[in-house]
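Chemist: Note that full-length UniProt numbering has the sequence shown beginning at 1, numbered continuously upward. My structure is below; once you've seen it, I'll send some questions.
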Amino acid sequence: MARRRLPPGQRKELREARLMTLIGLVFVIGGGWGISQGSLGLGIAAVLFFGACLLYGIINWWSIEAELRGVDLKAADGAFGIAIVGIAALLGLGCLAMFVVSLIGWSQFGFATTVRYPRILVLVASAAGVVLFLGGSIALVIRKGRPFGIKSADSEDTTDPDDEA
1 MARRRLPPGQ RKELREARLM TLIGLVFVIG GGWGISQGSL GLGIAAVLFF
51 GACLLYGIIN WWSIEAELRG VDLKAADGAF GIAIVGIAAL LGLGCLAMFV
101 VSLIGWSQFG FATTVRYPRI LVLVASAAGV VLFLGGSIAL VIRKGRPFGI
151 KSADSEDTTD PDDEA
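So, in structure tokens, the structure goes:
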């Protein structure tokens, strides 16, 4: 099989997608190991959050490879949108798990972590993640994937065409 010559921009995108996949996989395995060692809350938070990173890396890697092969991705646009909303929800659930762990299971963290990162900082950061990721994905589901400022095709136009402003 001949090696492909990629333009520098696509080479960088492909490298980042592979790196995201690898890092997500390492942390998901680490979270699973943490669960098996008894750190249930922290392990679940890691698996949820980095599982979303792993899924994003896989989807991004697949789409770049498909684009390089000349596959028409227009049919998959809807599936990509649904996957991105799901990934955002997983990130939000990971942040929610981290919030719960830092709220009720702060003793699971090692001494160095609790000294270096104050509990309130972890609570605020994880709460912001819940609001942005989970709240954003819920808002997108309610709006049927449409960005804000764009009306849906089935909404009625209430302006009167005869009325000149």
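Note that CB positions come from ideal geometry on N, CA and C, so glycine has one too.
#1: Going by C-alpha to C-alpha distance, which of Ile29, Gly70, Ser39 and Lys12 sits closest to Gly110?
#2: In angstroms, rounded to a whole number, what distance separates the CA positions of Ile44 and Leu19?
#3: Tell me the rounded alpha-carbon separation between Ile29 and Leu48.
#4: Out of Leu96, Gly57, Gly135 and Ala46, state which residue places its alpha-carbon closest to the alpha-carbon of Phe80.
#5: Could you give the first and the last residue of the continuous alpha helix (DSSP H) run that contains Gly105?
#6: What residue range does the alpha helix (DSSP H) around Phe111 cover?
#7: Do Val141 and Val85 count as a contact pair if the criterion is CB distance below 8 Å?
#8: Less than 8 Å between the CB atoms is what I'm expecting for Phe133 and Ala88, so what's the real figure, rounded?
#9: Please state if the CB of Thr21 and the CB of Leu54 are separated by a distance shorter than 8 Å.
#10: Does Leu73 pass the burial test, meaning 16 or more other C-beta atoms within 10 Å, or should it be called exposed?
#11: Quick one, are the C-beta atoms of Gly24 and Phe50 less than 8 Å apart?
#12: Looking at the unbroken alpha helix (DSSP H) that takes in Ser39, where does it start and where does it end?
#13: What residues in its chain sit with their C-beta under 7 Å from that of Gly70, if we drop five residues either side in the sequence?
Modeler: Let's see:
#1: Ser39
#2: 22 Å
#3: 11 Å
#4: Gly57
#5: Taken as a continuous stretch (DSSP letters only), Gly105 belongs to no alpha helix (DSSP H), as it is neither H nor E.
#6: Phe111 to Arg116
#7: yes
#8: 5 Å
#9: yes
#10: exposed
#11: yes
#12: No alpha helix (DSSP H) holds Ser39; DSSP gives it neither H nor E.
#13: none
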